[in-house]
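Trainee: Please read through the structure below; I'll follow up with questions.
Structure representation (structure tokens):
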């Protein structure tokens with residue numbers, strides 16, 4: 001094995017690509033290589049770098065057959081993630097392992113959810129304490145640490161329970177594998193002589209990036225391949241091993257270093273000279289074998305500033321002053337010419353962000369929160385993916401479709417305990433054996449395949465049973481998903497599914513995409529692999545106080561429960577590992593800066609690991625280094641006045657334009673105009689309850705129509721949770737819901753007769769907002785329904801009126817039709833749909849155009865004026 005020890009900014013990827021190119025020149029074909037890293041995005045970047053290197057080789061040696069062969073193979077070569085390679089290896093050797101090579105892959109969250117279902121069933125059947133679920137979940141999450149667990153005194157029963165639950169999980173989900181399942185089977189592979197030999201013949205050379213982030217099970221797999229002659233070339237930096245919470249262990253790198261051919265990368269192309277000097281001082285805190293001083297290749301000097309707020313006072317007051325201090329320094333750097341987008345502020349955890357954000361707002365510093373968790377792995381997004389996949393289901397499900405079926409059944413769309421349908425799930429085609437109401441839900445999904453991809457996604461995301469089980473945050477994520485999907489323009493449902501699948505495999509996708517020209521605020525973990533010209537590390541005094549986990553797992557798979565003597569020994573080792581990782585986390589933060597590094601902290605009598613580390617280098621609150629600057633805590637620091645705001649921007653040229661005189665307000669709705677022209681009878685207007693009831697009825701009916709809610713479904717009762725229904729008594733709510741159901745039944749009776757059926761609509765849009773400048777007033781409202789059948793467009797407005805009076809709504813429909821014409825360029829047939837009377841009243845284009853011209857107070861020529 002050849003192992004590169006590479007400090008930050010020293011060109012790890014360049015070294016790895018150089019090794020690949022060297023093997024190509026030696027005659028090793030790309031089809032015998034695999035290049036592996038931890039994210040799909042990084043794997044594709046590595047492929048692109050290799051492609052560029054091969055293209056340059058072909059350009060300089062156009063007649064070299066090895067170069068020509070490499071150019072042909074580079075696009076199909078294996079550049080993938082660690083787990084992607086495990087899946088490839090298992091498919092290649094599946095017959096030798098009695099494994100179906102057509103297994104499906106499921107994400108970590110779904111795999112854990114299925115395991116916990118088995119846990120709950122086991123605890124129920126064996127009459128065990130439900131509190132054991134937490135312990136078994138923790139063991140499941142620690143699977144990457146050891147091939148098997150060994151219970152220490154006191155943990156025998158929980159390990160035995162775990163093994164039974166895991167066995168049941170494996171039996172049920174043999175055709176669908178999660179990340180930890182792939183790792184466990186990969187170990188089985190290398191323990192099988194025939195399978196290991198076959199894999200070594202297929203891949204003779206492996207190139208691994210970020211080796212310091214391997215967990216022990218992954219490391220054993222690659223070591224076993226080394227032992228049968230596979231050449232492994234790896235790059236990594238033990239000083240950047242910061243994923244202890246993901247089961248990465250720096251000991252894996254250290255063990256490899258002891259047996260490998262060691263090479264060093266020490267020329268940094270990222271850091272200015274002063275920052276390189278700081279990093280070289282900092283590496284003295286690491287074990288000798290990991291100390292790699294760097295030589296800066298850049299000529300720029302750069303700068304380092306260490307600011308401490310000192311003095312007597314509460315830590316929170318110091319943090320507030322520290323935040324204002326940092327905001328001032330960022331403003332000064334902006335005046336020097338550094339762009340906001342070239343700056344980042346890193347924190348140890350998000351608890352530090354509140355005082356920082358306030359100080360930045362007060363100072364007028366633009367900023368954007370950069371989130372680290374993948375948006376596309378959110379449970380609510382994955383639930384939509386699986387439901388969409390089932391809309392294409394025909395016949396017995398494939399392994400991937402079976403996985404989607406399992407997710408759909410246990411997820412918020414259905415909410416079954418899989419134990420209720422265990423017998424059905426064992427069948428080749430489980431669908432006919434499911435409860436009738438579940439089959440109806442699946443049949444309804446199939447109707448989505450006839451819609452446009454965006455409309456299918458929108459209908460699922462607005463499903464009432466689904467939304468009821470989601471948090472407000474999850475609902476906001478669905479809105480974001482719809483926005484992102486709308487910008488892609490998918491041609492068919494398969495393209496949408498592929499997009500969701502690929503994006504799921506990119507863990508660097510933000511939870512809520514954010515943009516703008518602002519300073520990036522993010523955690524150190526989220527900043528790994530990134531760099532900026534200016535980096536500030538804020539709140540150095542912040543420490544972590546993690547709760548003691550219910551159990552701990554040792555380096556050999558030993559399991560100890562909290563409260564036992566064995567637990568105390570493992571806990572001491574865990575605390576030592578946490579303190580070591582805190583040092584590495586600070587190194588990662590320091591090494592993100594190219595030109596300017598700002599460190600800010602607050603003096604505290606209980607310094608955390610970051611403060612202690614800097615104090616050892618003479619950079620702590622009492623340090624005398626020229627980089628250190630102390631700022632006494634100002635009296636009343638919590639109430640310091642904000643800095644003077646920047647002068648306001650100049651107004652736009654149209655800011656002072658005002659529309660001409662109009663008898664109506666500058667912004668108005670056609671519904672308000674209708675009420676102004678034809679107010680309610682006096683007795684009805686005085687009866688507030690009656691008018692409130694009418695408004696509530698209209699609101700709930702329109703909400704239900706927009707979401708295609710079934711009037712017979714029990715879930716329709718969720719409508720009464722809306723705010724408009726709050727003022728009514730239980731009996732009034734019962735009457736209200738009954739009337740909503742009746743109007744919805746009438747609507748369904750119109751479909752296929754007076755109204756085109758839903759399945760005949762090529763496009764169907766509900767509740768479209770509109771803003772239309774017309775006649776000196778900006779009119780706003782909501783279109784109930786706009787849809788297309790063939791080449792013909794329809795604009796329907798639903799009415800719950802007790803009397804049929806089309807003339808009362810003619811101007812409203814005229815405005816809506818004109819808004820559609822101007823915005824979309826289509827001529828729609830505008831109609832009133834009276835739900836109570838089951839009547840449809842169309843308006844001719846001439847009648848609607850006349851209504852626009854008859855608007856009181858409209859002056860000639862005003863109808864075309866825009867605001």
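In the UniProt record's numbering, the protein residues as written are 1 to 867. Built from N, CA and C at the ideal position, the CB exists for glycine as well.
According to DSSP, what are the bridge partners of residue 78?
Mentor: Per DSSP, the beta bridge partners of residue 78 are 34.
Trainee: CA-CA distance, residue 563 and residue 552?
Mentor: Using only the alpha carbons, I get a separation of about 11 angstroms.
Trainee: Grab the span of the alpha helix (DSSP H) containing residue 302 for me, first residue to last.
Mentor: Where residue 302 is concerned, there is no enclosing alpha helix (DSSP H), given that its DSSP letter is neither H nor E.
Trainee: From residue 360 to residue 833, what does the alpha carbon distance come to, in whole angstroms?
Mentor: Between residue 360 and residue 833, the C-alpha separation is close to 53 angstroms.
Trainee: Could you name the residues that DSSP lists as bridge partners for residue 769?
Mentor: 782
Trainee: Buried or exposed, going by whether 16 or more other CB atoms sit within 10 Å of the CB of residue 118?
Mentor: buried
Trainee: For residue 522, which beta-bridge partners are listed by DSSP?
Mentor: Partner(s): 346.
Trainee: Alpha carbon to alpha carbon, what distance is there between residue 78 and residue 31?
Mentor: 7 angstroms
Trainee: Is residue 237 helix, strand or coil when you go by DSSP?
Mentor: coil
Trainee: Report the option in 186, 315, 468 whose CA atom is closest to the CA atom of residue 84.
Mentor: 186
Trainee: Using the three-state DSSP reduction, which class does residue 121 fall into: helix, strand or coil?
Mentor: helix
Trainee: Within 10 angstroms of its Cβ, does residue 75 collect 16 or more other Cβ (buried), or is it exposed?
Mentor: When all chains shown are included, residue 75 counts as exposed.
Trainee: Does the Cβ of residue 622 have 16 or more other Cβ atoms within 10 Å, making it buried, or fewer, making it exposed?
Mentor: exposed
Trainee: Just how far apart, CA to CA, sit residue 91 and residue 518?
Mentor: In this model, residue 91 and residue 518 are separated by some 46 angstroms (Cα to Cα).
Trainee: Do the CB positions of residue 218 and residue 82 come within less than 7 angstroms of each other?
Mentor: yes
Trainee: Run through DSSP, which three-state label would residue 314 get?
Mentor: coil
Trainee: How long is the line joining the alpha carbons of residue 679 and residue 778, rounded to whole angstroms?
Mentor: In this prediction, residue 679 scores a pLDDT of 48, lower than 50, which makes its location untrustworthy; the coordinate-derived value is nonetheless stated afterwards. When rounded, the distance between both Cα atoms is 22 angstroms.
Trainee: Could you have a look at residue 151 and say whether DSSP puts it in helix, strand or coil?
Mentor: strand
Trainee: Which partner residues of residue 207 appear in the DSSP bridge assignment?
Mentor: 35, 233
Trainee: Secondary structure at residue 588, three-state DSSP: helix, strand or coil?
Mentor: Helix, per DSSP.
Trainee: Here's the rule: buried if 16 or more other CB atoms are within 10 angstroms of the residue's CB, otherwise exposed. What is residue 149?
Mentor: buried
Trainee: Looking at residue 766: is its Cβ nearer than 7 angstroms to the Cβ of residue 785?
Mentor: yes
Trainee: What is the rounded straight-line gap between the Cα of residue 5 and the Cα of residue 49?
Mentor: 20 angstroms
Trainee: Going straight from the alpha carbon of residue 45 to that of residue 52, what length do you get?
Mentor: 11 angstroms
Trainee: Tell me residue 631's beta-bridge partners as DSSP assigns them.
Mentor: 309
Trainee: Please classify residue 601: does DSSP put it in a helix, a strand, or coil?
Mentor: strand
Trainee: Please classify residue 824 as buried or exposed, where buried requires at least 16 neighbouring CB atoms within 10 angstroms.
Mentor: exposed
Trainee: Could you compute how far the alpha carbon of residue 47 sits from the alpha carbon of residue 707?
Mentor: 45 angstroms
Trainee: Under 7 angstroms, do residue 250 and residue 214 count as touching if we go by C-beta distance?
Mentor: No. Outside cutoff.
Trainee: Have a look at 388, 714, 105, 847 and flag the residue whose alpha-carbon is nearest the alpha-carbon of residue 495.
Mentor: 388
Trainee: Distance check for residue 574 and residue 220, CA to CA, integer angstroms please.
Mentor: 22 angstroms
Trainee: CA-CA distance, residue 43 and residue 33?
Mentor: 14 angstroms
Trainee: Going by Cα to Cα distance, which pick from 363, 453, 416 is closest to residue 435?
Mentor: 416
Trainee: Using DSSP with H/G/I as helix, E/B as strand and the rest coil, what is residue 92?
Mentor: helix
Trainee: Roughly how many whole angstroms lie between the Cα atoms of residue 841 and residue 464?
Mentor: 30 angstroms
Trainee: Quick one: is residue 349 buried, meaning 16 or more other Cβ sit within 10 Å of its Cβ, or exposed?
Mentor: Counting every other CB atom within 10 Å of its CB across the protein chains shown gives residue 349 a total below 16, marking it as exposed.
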